[in-house]
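Below is one structure, written out as structure tokens, with a few remarks after it.
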Amino acid sequence: MRHKGLFFLLITCAAASAWAAQAATPKGGLGKGPVHISADSLHAENQPRQQAVYTGKVVMTQGDVVINAQTLTIDAAQGKIQKATAIGSPVTFTMSAAQRHGYGNTLVYLPDSAEIILTGNAHLWQEKNEVSGERIVYFLQDQQTRVTAAPGQRVQSVFYPAAANRSASGQKP
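Listed below in structure tokens is the structure:
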């Protein structure tokens, strides 16, 4: 039994380090150092799939990126992270260097395509500017955003002139 627990721990550590190794370029805010995850509990398995599920007040940090969720599931294949899914009410995240923060009911990180996908009452800010909709896809490599609304709803945006952004962030115009 002790051997089995050690095996799960090694798989979880491998998953977290693979996430760190595969993360997007520093331009996007990810990929800066090791991934740290704290939670109330962890369940990890290697068969039939490689998966680690963290539950209860999950906090994941890597560099200046912080994600808070109720559940974080990391799916891997052959030791390579395929997808990380955070669920909460809401999931929140900050990317300090990119001056972005946001929330949604679900956050999915896809390292191969360097995307962060927020769904369910999704909001994303850069400084004081905000976009919101049912689904927001943020492309880390080129820092582009795609927002879609729920059926019968509309995408919402609020943009402030550059001088208003500087004063909101404490910078002089």
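No gaps in the numbering here: position 130 of the sequence shown is 129 in numbering that gives the first Met the number 0, and each next residue is one more.
Each residue gets a CB set at the ideal place from its N, CA and C atoms; glycine is no exception.
All of these numbers come straight from a predicted model, not from anything done at the bench.
- When secondary structure is reduced to three states using DSSP, ALA121 falls in the strand class.
- Around the beta carbon of ALA162, fewer than 16 other beta carbons lie within 10 angstroms, which makes this residue exposed.
- The secondary-structure analysis by DSSP pairs LEU109 across a beta bridge with GLU114.
- Straight-line measurement puts the Cα of ASN104 at about 19 Å from the Cα of GLN125.
- Annotation for PRO89: the continuous beta strand (DSSP E) segment containing it runs 79-94.
- Look at ALA76 here: in three-state DSSP terms it is strand.
- Excluding five sequence positions before and after GLN49, the CB atoms of its chain that fall closer than 6 Å to its own CB belong to ALA75, given in chain order.
- Comparing alpha carbon positions, the residue from GLN69, GLN140, ILE135 and ASP141 closest to GLY87 is GLN69.
- With a threshold of 16 other beta carbon atoms within 10 Å, THR147 falls short and is exposed.
- ILE36 is a Cβ neighbour of VAL58, given a cutoff of 9 Å.
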